[in-house]
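Participant: Below you will find the structure I want to go over with you.
4 protein chains.
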Amino acid sequence: MKKVKQMDIIKGMKVSELVNEMSLSGVMGAGRIGKAVEILSEIKKDKKCKLFFGLAGAMVPGGMKNVVIDLLKERVDVFVTTGANLTHDLVEALGYSHLQGDPEADDKELHKKKIDRIYDSFMPNEVYEGLEDFFMKIFDSLPKEMNIREFLWELGKHVKSKNSILRICYEKKIPIFCPAIADSGIGLMIWGRLAAGKKIRIDAFDDLKEIIKIAWDSEKNAIFYVGGGVPKNYIQQAMQFSKGAFYGIQLTTDRPEYGGSSGAPLKEGISWGKMNEKGRYIDVYCDATISLPLIWAAVK
Amino acid sequence: MKKVKQMDIIKGMKVSELVNEMSLSGVMGAGRIGKAVEILSEIKKDKKCKLFFGLAGAMVPGGMKNVVIDLLKERVDVFVTTGANLTHDLVEALGYSHLQGDPEADDKELHKKKIDRIYDSFMPNEVYEGLEDFFMKIFDSLPKEMNIREFLWELGKHVKSKNSILRICYEKKIPIFCPAIADSGIGLMIWGRLAAGKKIRIDAFDDLKEIIKIAWDSEKNAIFYVGGGVPKNYIQQAMQFSKGAFYGIQLTTDRPEYGGSSGAPLKEGISWGKMNEKGRYIDVYCDATISLPLIWAAVK
Amino acid sequence: MKKVKQMDIIKGMKVSELVNEMSLSGVMGAGRIGKAVEILSEIKKDKKCKLFFGLAGAMVPGGMKNVVIDLLKERVDVFVTTGANLTHDLVEALGYSHLQGDPEADDKELHKKKIDRIYDSFMPNEVYEGLEDFFMKIFDSLPKEMNIREFLWELGKHVKSKNSILRICYEKKIPIFCPAIADSGIGLMIWGRLAAGKKIRIDAFDDLKEIIKIAWDSEKNAIFYVGGGVPKNYIQQAMQFSKGAFYGIQLTTDRPEYGGSSGAPLKEGISWGKMNEKGRYIDVYCDATISLPLIWAAVK
Amino acid sequence: MKKVKQMDIIKGMKVSELVNEMSLSGVMGAGRIGKAVEILSEIKKDKKCKLFFGLAGAMVPGGMKNVVIDLLKERVDVFVTTGANLTHDLVEALGYSHLQGDPEADDKELHKKKIDRIYDSFMPNEVYEGLEDFFMKIFDSLPKEMNIREFLWELGKHVKSKNSILRICYEKKIPIFCPAIADSGIGLMIWGRLAAGKKIRIDAFDDLKEIIKIAWDSEKNAIFYVGGGVPKNYIQQAMQFSKGAFYGIQLTTDRPEYGGSSGAPLKEGISWGKMNEKGRYIDVYCDATISLPLIWAAVK
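Chains as they are written, first to last, in the working numbering: chain A, 1 to 300; chain B, 1001 to 1300; chain C, 2001 to 2300; chain D, 3001 to 3300.
Pasting the structure below:
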């Protein structure tokens, strides 16, 4: 058994050096950060391996957009996220920003000022006008029958900002899945067009075959979950059609005992065949706005 | 200011009496249970008010199915849930059961025995054969173009068990929404039929107009969330098209500071116009398999 | 393997009936409540067994005083708690009450109004005057050399209210331990007397022999923890001098992965010999102001 | 209002650069880390200010000893911790190590092998023999009447390792308080000596006057809490005898709604006068084995 090395902090140290100390301590949260960095580094090198990245939580309002874009550029093969993150990405691509707010602000006052609160990240409600303009402009040029993955690539095609999740997925042809897309600002925009008499048909099930095929065809799969929800579960479901993931990283603040998918440790996936029983995996119990940049800065 | 009444426990007391003591103590978790019971009782009586019920988490594997059915029978006007809960409901409707397992069981052994683990609720993998039979039998009789709500009512129509969430929603014509339906065993069944060359088109956005219309048309809305995820967020989104909910109850184990929708207190919704600023609402921080039956036993 | 029985809620049902449904469901939080009730019922019957009860958290401000008193009257053999709970008990015994407050009240305003906030349980700062009067009156009659357990019984002797934790422990001669007693309002009162030139010597280690002796001499021990902290750890420490506890119940909202004693599952104690490897134990992850009265109402 | 800057990760970046990105993002957990670094940097510079450092949780088994020693060497004026951390510090000073273990190890096996488990940090039970030797050797040279702070300095005097919390506090004459010292391996050692017929009197209340005097005399106070429990509460109590802390940092994984002191946000202290209403403070909701080294590496 290895000793728990007491961590040494050096003035001016690099993130990689800090994380190395965490690896050497090897226990509790720090040990888990260390292990996540080891696994993600291995995934980076293992070119045969396909990386499925699931992203939930208010990650764009939480300042994580560029980290996500980095991951998409450098390594991700399949991306699954929430409609909210894609909407917030589009909002920023259209030139708006999220704002640093006070989590104890008076919500009635904010409502009067038309500011929407996401804990301490504030968003002016006027972004919806910008979104509506965008969709009005592009709508007629959209194919009228698509699946959700195709629809999201179409959106990416019309995004001009280079610094956008939607744009990068389109450019790099990274399949992007978002089963609950109707549950988002983007969903509302489609509703608005339909309400205005326009037609479009976006199939709810059609792209399921795509994610399953990628999982099935791949020799080896890796999973990386930031948060739980649909993004995690949708990838887990696809893993059942593979040999199970060989690598796994999960950043979560939920816990197992309540029984939900978001809090389930990756190990549980072995029973389902979602995780390979010889796979290497780690659950990191930490706010992703802290753990994700920390891990990425050490791996990049 | 009211005093914190020290709770008195009486041998053989009723749940309603226990919850009354919680109301009178008025603080911390017990106080929140008390308040949730008051608000749900009011919702029950306020006939003008439409109740939107969002259900996430492994609630059918967690023994909550009959409580949900009770709520659907007695009061719910709009129901939003996860594909997983509907799949587990269907599994039970087909005659299978979930099993009481050990959360520390060896997942490799379970995998060999073809038992899928949901924390300590186990499910034999053979249920997928039952599901496939069901879908093979009914598939040809399904309309070939539907939205998700229509599709779920169709499923409910073919369920024979009276003790089923899907069945009750169909029978009582309770609109049931599940934007991420592809992310579930039911999704896999549709994938299987499509892979077998069958055709069906289920629209991802079409029923969004229905939930928004109900929210919009209703004089007064109430929200009740068990867990977060898509079910909560999808209802929250619809509330923006109303005067904001006048009543709100949320049972959650998540917390606000990580910024995600699941942990956001109902109050945050005021800034968005999802909660009416004069609304009565309460966040209960407690495992729903404890808090939901406790609250319901006191209200029913 | 037993089936997960879907819980049935009956109008007007008793708490014991509700908890029976939880037992029959057998999974997640509800299953744990069910198991805790089974174990506590067994402890109640097993007269050879000594029950060590550890109580942390703001349980008197949280409305749990009478439940604690019930437990002390009916079954507890050894009691360990925080100085805060004993101070709040004394405050109520002197005629003050805690008040139902707003957790979002302005703390600056409260400070001006001399109201101390414990989340949503408020306490007028004037209680300290009452405490000081009490200690000034009794101080000269106190023995001048004691251990902490003796000191706490002395306090109990001078409490007139029958409805007091300190009083009951004194009357029933239940050993009451509070290693960190200096960390409390009671501690401040002793500091005040010492500052006024009075003398008293209360030994920090002397009563450790008493709790260890009870654990050692007893044929069989049971542990019941509400919260963690010193109360839990102090009992755990004593258990090392026994065969390990044969029964264990823990109500906690903490989690294991951070490594602290408060979140450690009872199972971990087996490695130390604190829990007997044949013992029956359960960890309940739930706010104690909900779970404690619920369990007690079903057992009483 | 400032924009939420999307964090940029640069290959090979320093911890201080990473934390700067967190500061600029300014929201959720990352924003809190950023703010904690700002406040701790200010405390470092503000020489008039006395820093009270409270340390709870399994921080020595968790690899944080050297970070704590750094803080003690560079800035801490008053130190409050648990008996467990001091015992684990002493264990390491005597030449033993904690070991990196598997949190899912079989506790029965560990018990047979005499290994004590602290989540995934393991400790051979033989350390108790080393502790006993140490205490047998030094006991006769100890003063026979002391308060707890004096006792802990005495222990520090007899520790030979330079790399020890107890030693540093003794050498630098940093007052070290541990009200619940009886609740620890060190407590057991004293019990052992008393059981062997030796005499010592260590007063439970006497050093309370010392911590209060430091708080009272100081022009300005700062508080830094790693975890909650007695260390936090004991410092909070002393703050009531000052103008309230002007700076505050709290690293916690607990939450406010359960009402306990460990989860209470620093803001709550304003109502009590523990935090100055003009003070700058931040609550960081993150595993301390991650957040503490991260913050310290950016500040040092």
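Note that the Cβ used here is the ideal one computed from N, Cα and C, for glycine as well.
Please check the pair V78(A) and I211(A), which I expect to be a contact at CB under 8 Å, by giving their CB distance rounded to whole angstroms.
Facilitator: On the first sequence, residue 78(A) is found 78 positions in, with the first residue counted as 1. On the first sequence, residue 211(A) is found 211 positions in, with the first residue counted as 1. Indeed they touch by this definition, with Cβ atoms about 6 Å apart.
Participant: Name the chain A residues whose beta carbon is nearer than 9 Å to that of L1208(B)?
Facilitator: Indexing the second sequence from 1 puts residue 1208(B) at position 208. Near L1208(B) (Cβ distances below 9 Å), the residues of chain A are A182, D183, G187, L188, I190, W191 and L194.
Participant: Would you give the residue range spanned by the beta strand (DSSP E) that F2079(C) belongs to?
Facilitator: Numbered from its first residue, the third sequence carries residue 2079(C) at position 79. Run containing F2079(C): V2078 to T2081, per the beta strand (DSSP E) assignment.
Participant: For the beta strand (DSSP E) that contains T2289(C), what are its first and last residues?
Facilitator: Residue numbering aside, residue 2289(C) sits at position 289 when the third sequence is read from its first letter. Careful: T2289(C) lies outside any beta strand (DSSP E), inside the alpha helix (DSSP H) at A2288 to V2299.
Participant: Quick one: grab the DSSP three-state call for I2138(C).
Facilitator: The residue given as residue 2138(C) occupies position 138 in the third sequence. Helix, per DSSP.
Participant: I need the straight-line Cα distance from C1178(B) to P1231(B), nearest angstrom please.
Facilitator: Numbered from its first residue, the second sequence carries residue 1178(B) at position 178. Numbered from its first residue, the second sequence carries residue 1231(B) at position 231. If I take the Cα positions, the gap works out to 7 Å.
Participant: Just mark K301(A) as buried or exposed, buried being the case when its beta carbon has 16 or more other beta carbons within 10 Å.
Facilitator: Lying before the first or after the last residue shown, residue 301(A) is absent from chain A, which here runs from 1 to 300.
Participant: Less than 8 Å between CB atoms is the rule here; does R2117(C) satisfy it with respect to chain D?
Facilitator: Working through the third sequence from its first residue, we reach residue 2117(C) at position 117. Cβ-Cβ to chain D under 8 Å: yes for R2117(C).
Participant: Here's the rule I'm using: 16 or more other beta-carbon atoms within 10 Å means buried, otherwise exposed. How should M1(A) be labelled?
Facilitator: Residue numbering aside, residue 1(A) sits at position 1 when the first sequence is read from its first letter. Exposed is the call here.
Participant: Which value, in whole angstroms, describes the spacing of the CA atoms of T252(A) and D287(A)?
Facilitator: Stepping through the first sequence from its first residue, residue 252(A) is reached at position 252. Stepping through the first sequence from its first residue, residue 287(A) is reached at position 287. Their backbone Cα atoms lie some 7 Å apart in a straight line.
Participant: I need the boundaries of the beta strand (DSSP E) containing A3245(D), first residue and last residue.
Facilitator: Counting from one through the fourth sequence, the residue named residue 3245(D) turns up at place 245. Segment A3245 to T3252, the beta strand (DSSP E) holding A3245(D).
Participant: Sort W296(A), E150(A) and L110(A) by Cα distance to F224(A) and report the nearest one.
Facilitator: Residue 224(A) sits at position 224 when you count from the first residue of the first sequence. The option with the nearest alpha carbon to F224(A) is W296(A).
Participant: Got a sec: is the Cβ-Cβ distance from C169(A) to anything in chain D below 8 Å?
Facilitator: Along the first sequence, one-based indexing puts residue 169(A) at 169. Output row for C169(A): interface = no.
Participant: Going by the DSSP bridge assignment, what does L2942(D) pair with across the sheet?
Facilitator: In the structure displayed, chain D extends from 3001 to 3300; residue 2942(D) sits before or after that span and is not available.
Participant: Taking only the alpha-carbon atoms, compute the straight-line gap between K274(A) and W3153(D) and give it to the nearest angstrom.
Facilitator: What you label residue 274(A) is simply residue 274 of the first sequence in a count that begins at 1. What you label residue 3153(D) is simply residue 153 of the fourth sequence in a count that begins at 1. Rounded to whole angstroms, K274(A) to W3153(D) spans 55 Å at the Cα level.
Participant: Assuming Y3247(D) and R3280(D) form a contact by the criterion Cβ under 8 Å, report the distance between their Cβ atoms to the nearest whole angstrom.
Facilitator: For the purposes of this step, residue 3247(D) is taken as residue 247 along the fourth sequence, with counting starting at 1. For the purposes of this step, residue 3280(D) is taken as residue 280 along the fourth sequence, with counting starting at 1. Rounded, the Cβ-Cβ distance is 6 Å, consistent with contact.
Participant: Assuming D1120(B) contacts D1102(B) under a Cβ cut-off of 8 Å, what Cβ separation, rounded to an integer in Å, is found between them?
Facilitator: As a working mapping, residue 1120(B) is identified with position 120 in the second sequence. As a working mapping, residue 1102(B) is identified with position 102 in the second sequence. Rounded, the Cβ-Cβ distance is 7 Å, consistent with contact.
Participant: Output needed for S2023(C): all residues of its chain with C-beta closer than 6 Å, excluding positions within five of it in sequence on either side, in chain order.
Facilitator: Sequence index remark: in the third sequence, residue 2023(C) carries index 23 (1-based). Counting only Cβ-Cβ distances below 6 Å, and skipping sequence neighbours, we find G2034.
Participant: For E1257(B), which residues in chain D fall below 9 Å Cβ to Cβ?
Facilitator: Numbered from 1 along the second sequence, position 257 holds the residue referred to as residue 1257(B). Those within 9 Å of E1257(B) in chain D are M3028, G3029, R3032, R3255, D3283 and Y3285.
Participant: Looking at the unbroken beta strand (DSSP E) that takes in F52(A), where does it start and where does it end?
Facilitator: Along the first sequence, read from residue 1 onward, the residue named residue 52(A) stands at position 52. F52(A) -> beta strand (DSSP E) spans C49 to L55.
Participant: Could one say the Cβ of W1272(B) lies closer than 8 Å to chain A's Cβ atoms, at least one of them?
Facilitator: Position 272 of the second sequence, counted from the start, is the residue given in the question as residue 1272(B). So yes, W1272(B) belongs to the interface.
Participant: Kindly indicate which three-state DSSP category G229(A) falls into: helix, strand or coil?
Facilitator: Residue mapping note: residue 229(A) aligns to position 229 of the first sequence, counting from 1. Helix at G229(A).
Participant: Using alpha carbons as the reference points, say which of P3061(D), K3108(D), I3190(D) and D3283(D) lies closest to K3199(D).
Facilitator: By 1-based counting over the fourth sequence, the position of residue 3199(D) is 199. Out of P3061(D), K3108(D), I3190(D) and D3283(D), I3190(D) has the C-alpha closest to the C-alpha of K3199(D).
Participant: Return the chain-ordered list of same chain residues with a C-beta closer than 8 Å to the C-beta of Y2128(C), the five sequence neighbours on each side being excluded.
Facilitator: Residue mapping note: residue 2128(C) aligns to position 128 of the third sequence, counting from 1. Answer for Y2128(C): G2185 and L2188, listed in chain order.
Participant: To the nearest angstrom, report how far apart I1181(B) and F1053(B) are at their CA atoms.
Facilitator: Within the second sequence, the letter at position 181 stands for residue 1181(B). Within the second sequence, the letter at position 53 stands for residue 1053(B). Between I1181(B) and F1053(B), the C-alpha separation is close to 17 Å.
Participant: If you draw a straight line from the alpha carbon of K1220(B) to that of K1045(B), how long is it in whole angstroms?
Facilitator: Within the second sequence, numbered from 1, the residue matching residue 1220(B) stands at position 220. Within the second sequence, numbered from 1, the residue matching residue 1045(B) stands at position 45. Roughly 13 Å between the two C-alpha positions.
Participant: Could I get the ranges of all uninterrupted beta strand (DSSP E) runs contained in the segment 3128-3200 of chain D, with 3 residues as the minimum, in chain order?
Facilitator: Inside the segment 3128-3200 of chain D, DSSP marks whole beta strand (DSSP E) runs of 3 or more residues at positions 3145-3147, from first to last along the chain.
Participant: By a C-beta neighbour count over all protein chains shown, 10 Å radius and 16 as the cutoff for buried, is D3207(D) buried or exposed?
Facilitator: Residue 3207(D) sits at position 207 when you count from the first residue of the fourth sequence. Classification for D3207(D): buried.
Participant: What residue does the alpha helix (DSSP H) around I69(A) start on, and which one ends it?
Facilitator: Numbered from 1 along the first sequence, position 69 holds the residue referred to as residue 69(A). Start and end: K65 to E74.
Participant: Flag this pair as yes or no: are the beta carbons of N66(A) and M3007(D) separated by less than 8 Å?
Facilitator: Translated into positions along the first sequence, residue 66(A) becomes position 66. Translated into positions along the fourth sequence, residue 3007(D) becomes position 7. Yes, they are a contact pair.
Participant: Given this structure, state the Cα-to-Cα distance separating I2039(C) from S2016(C), to the nearest angstrom.
Facilitator: Start at 1 with the first residue of the third sequence, and residue 2039(C) comes out as number 39. Start at 1 with the first residue of the third sequence, and residue 2016(C) comes out as number 16. C-alpha separation (whole angstroms): 14 Å.
Participant: Looking at C-alpha atoms only, which residue of E2021(C), S2261(C), I2176(C) and N2020(C) is the closest neighbour of L2051(C)?
Facilitator: On the third sequence, residue 2051(C) is found 51 positions in, with the first residue counted as 1. Ranking E2021(C), S2261(C), I2176(C) and N2020(C) by Cα distance to L2051(C) puts I2176(C) first.
Participant: Just to make sure I have the definition right: I need the residues of chain D whose C-beta is within less than 7 Å of the C-beta of D2107(C). Which are they?
Facilitator: For the purposes of this step, residue 2107(C) is taken as the residue at position 107 of the third sequence. Those within 7 Å of D2107(C) in chain D are K3267, E3268, I3270 and S3271.
Participant: Below 8 Å on the Cβ atoms is my guess for H1111(B) versus I270(A); work out the distance and round it to an integer in Å.
Facilitator: In the second sequence, counting from the first residue as 1, residue 1111(B) sits at position 111. In the first sequence, counting from the first residue as 1, residue 270(A) sits at position 270. Contact annotation, H1111(B) with I270(A): C-beta distance approximately 6 Å; criterion of less than 8 Å satisfied.
Participant: Is the beta carbon of I2043(C) less than 8 Å from the beta carbon of R2075(C)?
Facilitator: The sequence position of residue 2043(C) within the third sequence is 43, counting from 1. The sequence position of residue 2075(C) within the third sequence is 75, counting from 1. Their beta carbons are under 8 Å apart, which means I2043(C) touches R2075(C) by this criterion.
Participant: Taking the continuous alpha helix (DSSP H) assigned at E3268(D), which residues delimit it?
Facilitator: Here residue 3268(D) corresponds to residue number 268 of the fourth sequence, with the count starting at 1. Run containing E3268(D): E3268 to W3272, per the alpha helix (DSSP H) assignment.
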